[in-house]
Amino acid sequence: MRTIALFGILSAAVALAGCGNSAAPAAPKAKAETGIFISSGDCASRQKLTIDECGQAIDKAVALHQSRAPSYNSLAACAAVEGPDRCAKGVDGNYQPKLQAFLITFSQPPSAVPLYATSDGSSGFKGLDKQNFGLKDVSNTFSESAEALAHENARLAKKS
């Protein structure tokens, strides 16, 4: 009987030892650096990833674009939402917004999402979720090519 009681007390002590917060809280994970680029060569010029790593990430973003970008039955319907000269015929015969750039995350493995011209005339791009990535947003680095394209898109939007 005494052995059973002693065993019970030891078991409880071991179980309770696992409770509590003996370790320091984990530091928040640092946000991976991101950049906006128009091609794999543009991405690789940042010297964070190889051209192959950039290309593989961009290939996945293109597949995401083909499967998830808005799709319209006609060019007119697409242009009404996305703006003039901002649509292209997809492989399925429907129209989608033109893929303009890529938001690339410099993580391992790297990742990328497709970006499109904003339709409000602002200098930047928008994602599939309509989130804007403006030139003034310091959380993303824009390549010179992406920055020039963002300015051109804004100029064209204000012109129409």
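Here the sequence shown stands for residues -17 to -1, 1 to 143, where the numbers follow mature numbering (1 follows the signal peptide of the UniProt record, and there is no 0).
Ideal Cβ positions, reconstructed from N, Cα and C, are used throughout, including at glycine.
* **N-terminal and C-terminal residue of the beta strand (DSSP E) that Val96 is part of** => 94 to 100
* **C-beta atoms of Pro92 and Ala52 nearer than 8 Å** => No, the Cβ-Cβ distance between Pro92 and Ala52 is not below 8 Å.
* If you pair each beta-carbon of the segment 14 to 33 with each one of the segment 115 to 135, do three or more pairs fall below 8 Å? -> yes
* To do: Within 10 angstroms of the Cβ of Ser50, are there 16 or more other Cβ atoms? Answer buried if so, exposed if not.
  => Burial call: exposed.
* Asked: Whole-angstrom Cβ separation of Ala133 and Ser90, contact assumed at under 8 Å?
  -> That belief does not hold up - the Cβ atoms of Ala133 and Ser90 are roughly 24 Å apart, past 8 Å.
* Residues near His48 in its chain [Cβ-Cβ closer than 7 Å; skip 5 each side] -> Leu82, Pro97
* Should Ala140 and Gly104 be called a contact, given that it needs their Cβ atoms to be closer than 8 Å? -> yes
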